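One structure is given here, and the rest of the page talks about it.
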Amino acid sequence: MARTDAIVLGAGIIGTSIALHLAKRGLSVALIDRGGPGEQTSYGNTGVIEGNTLFPHAFPSKLSDLLRVALKQAPEANYHLGELLWFTPYLLGYRKNTQLAGSIAFAEAMRPLFSRSVAEHEALMAESNATRYLRRDGWIKLYRSEEGFESTTRERELAQKLGLPHRVLDTEETRALEPSLNPVFRRAVHWPAAASVSNPLAVTRAYVARFGALGGVVLKGDARTLHRADGNWRVDTDEGAIDAKEVVLALGPFAPEVLEPLGIKLPLAFKRGYHRHYRPVGNAGLTRPVVDVANGYAITPMEQGIRLTTGAEFARPSSPPTPVQFDRLLPAARGLFPLGEQAEPTTWMGSRPCFADSMPVIGRAPGQSRLWLAYGHAHWGLTLGPVTGRLVADMVTGVTPFCDPKPYAAERFAA
Ligand SMILES: Cc1cc2nc3c(=O)[nH]c(=O)nc-3n(C[C@H](O)[C@H](O)[C@H](O)COP(=O)(O)OP(=O)(O)OC[C@H]3O[C@@H](n4cnc5c(N)ncnc54)[C@H](O)[C@@H]3O)c2cc1C
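Per this note's numbering, residue 4 is the first one in the sequence shown, and the count goes up by one each step.
In structure tokens form, the structure reads like this:
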């Protein structure tokens, strides 16, 4: 039976970054996943490293917007009627936490993580030979109406106060940056200090390779076999059982499958999202991610083509895929950018793991010694992977954490 210092469960961008940071501190680490590293939620995202994020994603405040969602006409959101009751406590909490006071609390609590997110990726990319996937030209959010743009005033004022670079653009200024966009929008905000990647899977794989080069071991195994044995934690893998003093659980949307049998029930919900890849028509091109805020989708240049990602679908990961949002948003997306044929016939689906306050849980598991949690990164798991890795490594190795981790503690749900 193998013995390691730490086991990390889940090889998405979060678990991989944690395993790499622990290995860099000299620990012997096993990274365990039931599938291939980076192939679940971390595979299909929009690829934005959103260091500029201040406020959580807004909950619709206007009755007309809520009605559009309720009547399943909104391009930005969908839901499964049969699961609405299950989602209700989450939705009520989410609504409350996205009012102004909650948004400001989120901005303050999350700033230490967001402000380091681009630099932490850059550092890992440099040592993992992955810098070729990084673009440093920010992202653009488009607004089709003045009203939509004005709704961002408070966030932009806060950005100004904090010195976060951003540039308000009119239609033609935006088209000077992205000439293939059609002039169907009125305003845009360019966030130049954000970054993006051209292949999120390749980035996770590069971090895994770096972890391996530092002596880390990647194993196939089922995290649901986690149990106590001989004073340690034990997990069964294809190579046999493995023991460790410390376990970090980074299973993203799948975390409850392992935590609930251990008696740890935290209120995780899910915002599912889909993507398809398209070929651009003719010579059309895109250099950075662009979000059509009113319609809740993004287009991003990826190695596979233009990736069109959808907004939120309130349904549990195991429910059947229902990619109906494409029908609702494609006319708007094709009007904005000349999307041609689909580059591949498939539609990808993933589940953003979300708590109602939009913050992850990072820290000790309640009631279980030497079990650490790092999941629930919602819309920002790619962004926050490496900085989460640093924070968890600080905590596991007993170093003073680089920031106060209290806002991310699981105990916040006990109140
Ligand atoms: C459409 C969409 C767009 C997005 N865009 C962005 C973006 O632009 N920027 C950004 O920062 N974030 C974005 N996100 C969010 C981001 O993708 C997620 O927050 C992030 O991928 C979560 O990573 P994770 O490592 O926690 O989870 P995952 O990537 O899901 O990793 C969990 C791992 O656990 C493994 N696992 C599960 N159960 C078991 C088990 N029983 N045993 C062993 N292994 C198990 C899985 O196989 C998986 O590899 C987006 C998400 C979606 C859906």
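Note that beta-carbon positions come from the ideal geometry of N, C-alpha and C, so glycine has one too. Since we're looking at a predicted model, the values are computed, not measured.
Are the Cβ atoms of residue i and residue j separated by less than 8 Å?
| i | j | result |
| --- | --- | --- |
| Leu252 | Trp351 | no |
| Gly353 | Gly276 | yes |
| Ala247 | Ile10 | yes |
| Val206 | Tyr136 | yes |
| Met362 | Ala112 | yes |
| Ala26 | Gly219 | yes |
| Leu204 | Tyr46 | yes |
| Ile267 | Gly343 | no |
| Arg138 | Ser199 | yes |
| Thr400 | Arg119 | no |
| Gly255 | Thr391 | no |
| Ala318 | Tyr82 | yes |
| Thr49 | Arg310 | yes |
| Ala196 | Gly388 | no |
| Gly39 | Ile16 | no |
| Val250 | Trp236 | yes |
| Tyr97 | Ala377 | no |
Please confirm if residue i has its CB atom under 8 Å from at least one CB of chain D.
| i | result |
| --- | --- |
| Ala318 | The structure shown has no chain D; it contains just one protein chain. |
Can you determine whether any heavy atom of ligand 1 sits closer than 7 Å to the C-beta of residue i, and answer yes or no?
| i | result |
| --- | --- |
| Phe214 | no |
| Leu262 | no |
| Phe257 | yes |
| Glu123 | no |
| Lys42 | Correcting the residue identity first, residue 42 is Glu in this sequence and not Lys. Indeed, a heavy atom of ligand 1 lies less than 7 Å from the Cβ. |
| Tyr300 | no |
| Trp194 | no |
| Trp383 | yes |
| Asn48 | yes |
| Leu161 | no |
| Thr386 | yes |
| Arg71 | no |
Can you tell me whether residue i is buried or exposed? The criterion is at least 16 other CB atoms within 10 Å of its CB, across all chains shown.
| i | result |
| --- | --- |
| Ser321 | exposed |
| Thr91 | exposed |
| Val402 | exposed |
| Ser1 | The first residue shown for the chain is 4 and the last is 418, placing residue 1 beyond what the model contains. |
| Ala179 | exposed |
| Lys144 | buried |
| Ser64 | exposed |
| Trp194 | buried |
| Gly288 | exposed |
| Asp233 | exposed |
| Trp142 | buried |
| Ala413 | buried |
| Pro59 | buried |
| Leu394 | buried |
| Ala104 | exposed |
| Ser372 | exposed |
Pairing CB atoms from the region 146 to 155 with CB atoms from the region 73 to 86, are three or more of them under 8 Å?
The way I'd put it, the region 146 to 155 doesn't touch the region 73 to 86; fewer than three beta-carbon pairs between them come closer than 8 Å.
Enumerated in chain order, which unbroken segments of the beta strand (DSSP E) with a length of 3 residues or greater are wholly contained in the region 161 to 236?
If we require 3 residues or more, the beta strand (DSSP E) runs fully inside the region 161 to 236 come out as 170 to 173, 190 to 194, 198 to 200, 220 to 223, 230 to 232.
Across the region 21 to 38 and the region 222 to 231, are there enough close Cβ pairs to call them in contact, namely three or more that are closer than 8 Å?
The answer is yes - the region 222 to 231 touches the region 21 to 38, with three or more Cβ pairs under 8 Å.
Taking contact to mean 3 or more Cβ pairs, one atom from each stretch, closer than 8 Å, check whether the region 297 to 304 and the region 265 to 273 are in contact.
Touching, no, given that fewer than three Cβ pairs across the two stretches are closer than 8 Å.
Three-pair Cβ contact test at 8 Å for the region 206 to 217 versus the region 323 to 330
Contact between the region 206 to 217 and the region 323 to 330 is absent, because fewer than three Cβ pairs lie under 8 Å.
What residue ranges within the region 307 to 366 form continuous alpha helix (DSSP H) runs of no fewer than 4 residues, ordered along the chain?
With a minimum length of 4 residues, the continuous alpha helix (DSSP H) runs that stay inside the region 307 to 366 are 328 to 339.
Contact between the region 163 to 179 and the region 333 to 345: three or more CB pairs below 8 Å?
With a cut-off of 8 Å on Cβ pairs, the region 163 to 179 is not in contact with the region 333 to 345, counting fewer than three such pairs.
Could I get the ranges of all uninterrupted alpha helix (DSSP H) runs contained in the region 11 to 41, with 4 residues as the minimum, in chain order?
Every unbroken stretch of the alpha helix (DSSP H) spanning 4 or more residues and falling wholly within the region 11 to 41 is given here in chain order: 16 to 27.
Note down, one range per segment and in chain order, each alpha helix (DSSP H) of at least 4 residues found wholly within the region 53 to 111.
List check, alpha helix (DSSP H) in window: 66 to 73, 87 to 100.
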